[in-house]
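Visitor: Let me begin by handing over the structure; questions about it come next.
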Amino acid sequence: LVALDEVLEQLEPRQRQVVELRFFGGLEEKDIAEALDVSERTVRRDWVKARAWLYRALYPQQTS
25 LVALDEVLEQ LEPRQRQVVE LRFFGGLEEK DIAEALDVSE RTVRRDWVKA
75 RAWLYRALYP QQTS
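This is how it looks when you write it as structure tokens:
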């Protein structure tokens, strides 16, 4: 969990919020969009980018 927290701190603020609300809060894209006052498409884009970045940061040996 410590490694995950450190990696989350490196994300853009909105991407971090999307990850926290989706992964830890269990919210759907629609609910996250409403909470952050952005479109569902923006939430989806942030989620995809953040998820890919987190994977590369947490598992660097598997992305080479």
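Counting along the sequence shown from 1, when you hit position 10 you're at 34 in the numbering used here, and nothing is skipped either side. Here a beta-carbon is modelled for each residue, glycine too, at the ideal position from N, C-alpha and C. Model, not experiment: these values are computed from the prediction.
#1: Taking only three categories from DSSP, how would you classify Gln-34?
#2: What did DSSP end up calling Val-62 once you bin it into helix, strand or coil?
#3: If you draw a straight line from the alpha carbon of Leu-6 to that of Val-62, how long is it in whole angstroms?
#4: Going by CA-CA distance only, name the one from Phe-48, Gln-41, Glu-30, Gly-49 that's closest to Asp-70.
#5: Considering only the beta carbon of each residue, do Leu-28 and Ala-74 sit closer than 8 Å?
Guide: Straight from the coordinates:
#1: Here the question's residue 34 lines up with position 10 in the sequence shown. DSSP places Gln-34 in coil when its eight states are reduced to three.
#2: Taking the sequence shown and counting its residues from 1, the one referred to as residue 62 is at position 38. Coil at Val-62, not helix or strand.
#3: The chain is shown from 25 up to 88; residue 6 falls before or after that span and cannot be answered.
#4: Position 46 of the sequence shown, counted from the start, is the residue given in the question as residue 70. The shortest C-alpha separation from Asp-70 is found at Gln-41.
#5: Stepping through the sequence shown from its first residue, residue 28 is reached at position 4. Stepping through the sequence shown from its first residue, residue 74 is reached at position 50. It is not a contact, given that the beta carbons lie outside the stated cut-off.
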